[in-house]
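Okay, so the sequence shown: first residue is 1 according to full-length UniProt numbering, each after it adds one.
Ideal placement from N, C-alpha and C gives every residue a C-beta, glycine not left out.
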Amino acid sequence: MASAEILQTLGNKYSAEILDATDEPQSAQELSDELGIPIATCYRRIDELTEHDLLELHDNILSDDRRRIKVYRRNVDQVHIDFEESLTVEVEERTEVTNKLDEAWRTLSES
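The following block contains the structure:
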């Protein structure tokens with residue numbers, strides 16, 4: 001994945017806010033409401049972020065009115081940008097251990 005493409009995606013309005021808010025799984029509607037992003041823009045940013053593996057589809061949950069809702073969670077913990085010699089962007093993905101610990105904590109807190 002090209003460094004310039006990742007940087008451009010991160011530079012789009014709302015992308016960083018969406019990544020920050022998706023430490024825990026959230027739906028597009030929840031993100032739109034929480035961050036004040038128009039829903040169509042929210043979906044576009046989600047598509048861009050998932051295309052660059054910065055955000056992932058976490059689950060398809062069943063809502064109270066029996067509809068399937070996609071929930072997303074960020075796939076990265078850190079992004080390092082270096083301009084020293086040439087533009088380089090290093091993405092540090094979330095580890096499986098982090099994902100499993102998050103799931104276990106969420107399960108315990110919902111009990």
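By the CB criterion at 8 Å, Ile69 and Arg45 fall outside the cutoff. With a cut-off of 8 Å on Cβ pairs, the stretch 50–63 is not in contact with the stretch 30–39, counting fewer than three such pairs. The DSSP-derived three-state label of Thr88 is strand. Each residue's CA atom was taken as its position, placing Asp82 and Thr88 some 5 Å apart.
Within the same chain, Cβ atoms closer than 8 Å to the Cβ of Asn75 are found at Asp53, Leu54, Leu55, Glu56, Glu93 and Arg94, the five residues on either side in sequence being excluded. A distance of 8 Å or more separates the beta carbons of Leu10 and Val71.
The residues Glu34, Val71, Tyr72 and Arg73, in chain order, have a CB closer than 8 Å to that of Gln26 in the same chain once the five nearest residues on each side in sequence are set aside. Every unbroken stretch of the alpha helix (DSSP H) spanning 4 or more residues and falling wholly within the stretch 24–87 is given here in chain order: 28–35 and 39–51.
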